[in-house]
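Heads up, the thing below is written out as structure tokens.
Number of protein chains: 2
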Amino acid sequence: MDNLPVLLRSYGIQPTLQRLAVAEGVLGMDSHPSADQVLARIRERYPTISRATVYNTLNLFVKKRLLRTQNLRDGTVLFDPNAGPHHHFVDEETGEVLDVAWDAIRVAGLESLDGLEVSEFQVVMRGRRRSRN
Amino acid sequence: MDNLPVLLRSYGIQPTLQRLAVAEGVLGMDSHPSADQVLARIRERYPTISRATVYNTLNLFVKKRLLRTQNLRDGTVLFDPNAGPHHHFVDEETGEVLDVAWDAIRVAGLESLDGLEVSEFQVVMRGRRRSRN
DNA sequence: ATCGCTACTTAGACTACGTCCAAATTCGCT
DNA sequence: AGCGAATTTGGACGTAGTCTAAGTAGCGAT
Numbered sequence: 138m139d140n141l142p143v144l145l146r147s148y149g150i151q152p153t154l155q156r157l158a159v160a161e162g163v164l165g166m167d168s169h170p171s172a173d174q175v176l177a178r179i180r181e182r183y184p185t186i187s188r189a190t191v192y193n194t195l196n197l198f199v200k201k202r203l204l205r206t207q208n209l210r211d212g213t214v215l216f217d218p219n220a221g222p223h224h225h226f227v228d229e230e231t232g233e234v235l236d237v238a239w240d241a242i243r244v245a246g247l248e249s250l251d252g253l254e255v256s257e258f259q260v261v262m263r264g265r266r267r268s269r270n
Numbered sequence: 138m139d140n141l142p143v144l145l146r147s148y149g150i151q152p153t154l155q156r157l158a159v160a161e162g163v164l165g166m167d168s169h170p171s172a173d174q175v176l177a178r179i180r181e182r183y184p185t186i187s188r189a190t191v192y193n194t195l196n197l198f199v200k201k202r203l204l205r206t207q208n209l210r211d212g213t214v215l216f217d218p219n220a221g222p223h224h225h226f227v228d229e230e231t232g233e234v235l236d237v238a239w240d241a242i243r244v245a246g247l248e249s250l251d252g253l254e255v256s257e258f259q260v261v262m263r264g265r266r267r268s269r270n
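Encoded structure:
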């Protein structure tokens with residue numbers, strides 16, 4: 138987290154000032170921002186960065202597998218800084234997205250699907266956050 | 138399938154000419170069309186129907202639970218005529234969406250999630266269609 | 001150091017998807 | 001027929017995202 142240039146290089150990404158700003162922004166955000174949320178966050182610190190650059194950079198990060206995209210909100214893509222496999226819970230009231238640990242859920246039966254070769258999967262849940270008591 | 142007006146009424150939807158056209162279009166389509174795909178389909182038969190009407194009607198159908206929406210494609214909502222619970226498989230090459238029978242997959246562990254009350258869930262898979270042999 | 005090539009960034013135009021609005025039409029009811 | 005409510009409509013609008021063409025910066029070789 139502290140040495141971003143090294144992190145980027147380890148993913149095959151040439152570190153530039155703008156890319157470091159995007160990395161700093163997206164990795165430090167609470168879980169699952171949209172591109173424009175990332176843009177807004179970054180412009181607090183770097184008000185001159187262009188929208189195209191942020192979009193380009195986020196897409197680059199996805200191609201290089203530093204981020205993943207998730208379709209968990211109507212009509213917009215969310216970026217997921219959590220690279221490893223995990224599931225997702227969507228709060229029905231707020232739309233907020235939470236990670237669910239991979240090992241918390243067991244899924245069986247994927248091998249025996251007729252003509253389908255599954256390369257990845259996740260469980261997508263919707264519901265409400267229970268009030269703690 | 139043959140008596141659409143009755144079907145719509147049973148979902149609390151006042152049948153109009155336009156709504157019947159939309160129902161006919163969306164229910165007869167191969168699985169998971171986007172709104173604009175539905176619009177294009179319907180205009181083959183009813184070239185004068187307005188885009189706003191198709192969008193309004195699809196949203197009405199969702200509110201009345203005749204259809205569901207699915208976030209399975211980047212940046213656009215897909216409509217799912219299959220009302221019952223099922224899982225989804227997305228072809229990584231084409232983006233095509235296939236239903237997977239609910240009973241084909243077993244999921245365990247949802248009850249014991251810390252602060253989360255799951256009201257619905259599905260497994261979303263990505264991969265390739267295996268060539269039949 | 002400077003030349004030249006490639007990579008990166010940028011503003012703004014453009015497209016796609018979806019909603020909103022105000023006017024026109026149709027529907028259901030008396 | 002006549003009235004109020006529901007529905008439909010075209011077009012304006014908003015938002016998410018891509019594309020383009022030009023400018024800028026980085027880097028290696030001389």
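Residue numbers (the working numbering), protein chains in the order written: chain B, 138 to 270; chain Y, 138 to 270.
Where a beta carbon is used, it is the ideal one built from N, C-alpha and C, also for glycine.
Predicted, not measured: the structure shown is a model, and the values here were computed from it.
Can you tell me where the alpha helix (DSSP H) with Asn140/Y in it begins and where it stops? One-based indexing of the second sequence puts residue 140/Y at position 3. Here Asn140/Y belongs to no alpha helix (DSSP H), and DSSP marks it neither H nor E.
Output yes if chain Y places a C-beta closer than 9 Å to the C-beta of Glu233/B; else output no. In the first sequence, residue 233/B corresponds to position 96, counting from 1. For Glu233/B, the closest Cβ of chain Y is not nearer than 9 Å.
Can you pull the chain Y neighbours of Arg156/B, defined as C-beta to C-beta under 7 Å? If you number the first sequence from 1, residue 156/B lands on position 19. Chain Y residues near Arg156/B: none, gap ~22 Å exceeds 7 Å.
N- and C-terminal bounds of the beta strand (DSSP E) containing Glu197/B: Here the question's residue 197/B lines up with position 60 in the first sequence. Note that residue 197/B corresponds to Leu in the displayed sequence, not to Glu. Looking at the DSSP string, Leu197/B is not in any beta strand (DSSP E); the run it does join, the alpha helix (DSSP H), is Arg188 to Lys200.
Residues of chain Y with CB under 8 Å from Phe216/B, in chain order? To locate residue 216/B, count along the first sequence from 1; it is residue 79. Taking the beta carbon of Phe216/B as reference, no residue of chain Y falls within 8 Å; the closest one sits roughly 12 Å away.
Inter-stretch contact (C-beta, 8 Å, three-pair minimum) for the segment 227-242 of chain B and the segment 250-258 of chain B: Contact fails between the segment 227-242 of chain B and the segment 250-258 of chain B, because fewer than three Cβ pairs, one in each stretch, are under 8 Å apart.
Could you check the C-alpha separation between Leu176/B and Glu257/B for me, to the nearest Å? Translated into the one-based positions of the first sequence, residue 176/B becomes position 39. Translated into the one-based positions of the first sequence, residue 257/B becomes position 120. Distance between the alpha carbons of Leu176/B and Glu257/B: 29 Å.
What residues in the segment 240-265 of chain B have a beta carbon less than 7 Å from any beta carbon of chain Y? So the close ones are Ala241, Ile242, Arg243, Val244, Ala245, Gly246, Leu247, Leu250, Gly252, Leu253, Glu254, Val255, Ser256, Glu257, Phe258, Gln259, Val260, Val261, Met262, Arg263, Gly264 and Arg265.
Going straight from the alpha carbon of Asp173/Y to that of Pro142/B, what length do you get? The residue labelled residue 173/Y in the question sits at position 36 within the second sequence. The residue labelled residue 142/B in the question sits at position 5 within the first sequence. C-alpha separation (whole angstroms): 43 Å.
Which listed residue (Arg210/Y, Asp217/Y and Ile186/Y) has its alpha carbon closest to that of Val163/Y: Working through the second sequence from its first residue, we reach residue 163/Y at position 26. For Val163/Y, the closest C-alpha among the options Arg210/Y, Asp217/Y and Ile186/Y is that of Asp217/Y.
Closer than 9 Å to chain B by CB, Asp211/Y: Your numbering for residue 211/Y matches position 74 in the second sequence. Among the CB atoms of chain B, one or more fall inside 9 Å of the CB of Asp211/Y.
Where does Gly264/B fall in DSSP's three states? Taking the first sequence and counting its residues from 1, one reaches residue 264/B at position 127. Taken through DSSP and simplified to helix, strand or coil, Gly264/B comes out as strand.
Using a Cβ-Cβ cut-off of 9 Å, state whether Thr206/Y counts as contacting chain B. As a position in the second sequence, residue 206/Y is number 69, starting the count at 1. Output row for Thr206/Y: interface = yes.
Spell out whether any CB of chain B is found under 9 Å from the CB atom of Val237/Y. Taking the first residue of the second sequence as 1, we reach residue 237/Y at position 100. With its beta carbon less than 9 Å from one in chain B, Val237/Y belongs to the interface.
Hey, is Glu161/Y's beta-carbon within less than 9 Å of any beta-carbon in chain B? Start at 1 with the first residue of the second sequence, and residue 161/Y comes out as number 24. Cβ-Cβ to chain B under 9 Å: no for Glu161/Y.
Arg267/B at chain Y interface by Cβ criterion, 9 Å: Start at 1 with the first residue of the first sequence, and residue 267/B comes out as number 130. Arg267/B counts as touching chain Y.
Interface residues of chain Y around Phe226/B at Cβ under 8 Å? Taking the first sequence and counting its residues from 1, the one referred to as residue 226/B is at position 89. When 8 Å is used as the limit between beta carbons, Phe226/B is near these residues of chain Y: Leu250, Leu253 and Val255, in chain order.
Among residues of its own chain, excluding the 5 on either side of Ile186/Y, which ones have a beta-carbon nearer than 7 Å to its beta-carbon? Along the second sequence, read from residue 1 onward, the residue named residue 186/Y stands at position 49. Same-chain partners within the cutoff: Gln155, Ala158, Ile179 and Arg180.
Just list the residues that DSSP pairs Ala245/Y with in beta bridges. Taking the second sequence and counting its residues from 1, one reaches residue 245/Y at position 108. BP columns for Ala245/Y point to Arg243/B.
Beta-carbon within less than 8 Å of Arg265/B's beta-carbon, same chain only, minus the 5 sequence neighbours each way: which residues are those? The residue given as residue 265/B occupies position 128 in the first sequence. Within the same chain, and ignoring the five residues on either side of Arg265/B in sequence, the residues whose Cβ sits closer than 8 Å to its Cβ are Asp228, Glu229 and Glu230.
Using the Cα positions of Arg202/Y and Leu144/Y, report the straight-line distance between them to the nearest angstrom. Position 65 of the second sequence, counting from 1, holds the residue named residue 202/Y. Position 7 of the second sequence, counting from 1, holds the residue named residue 144/Y. In this structure, the CA atom of Arg202/Y is about 12 Å from the CA atom of Leu144/Y.
Can you tell me whether Asn219/B is buried or exposed, with buried defined as 16 or more other CB within 10 angstroms of its CB? What you label residue 219/B is simply residue 82 of the first sequence in a count that begins at 1. Classification of Asn219/B: exposed, given that the 10 Å Cβ count is below 16.
Express the C-alpha separation of Asp236/B and Asp240/Y in angstroms, rounding to a whole number. Residue mapping note: residue 240/Y aligns to position 103 of the second sequence, counting from 1. Residue mapping note: residue 236/B aligns to position 99 of the first sequence, counting from 1. Near 25 Å, if we compare the C-alpha coordinates of Asp236/B and Asp240/Y.
Which of the three DSSP states is assigned to Asp274/B in this structure? Only positions 138 to 270 of chain B appear in this structure, which leaves residue 274/B out of reach.
With a CB to CB cut of under 8 Å and the five nearest residues on each side skipped, what residues in its chain are close to Ser171/B? Position 34 of the first sequence holds residue 171/B. Apart from sequence neighbours up to five positions away, the residues of its chain that approach Ser171/B with a beta-carbon distance below 8 Å are Arg210, Thr213, Val214, Leu215 and Phe216, ordered along the chain.
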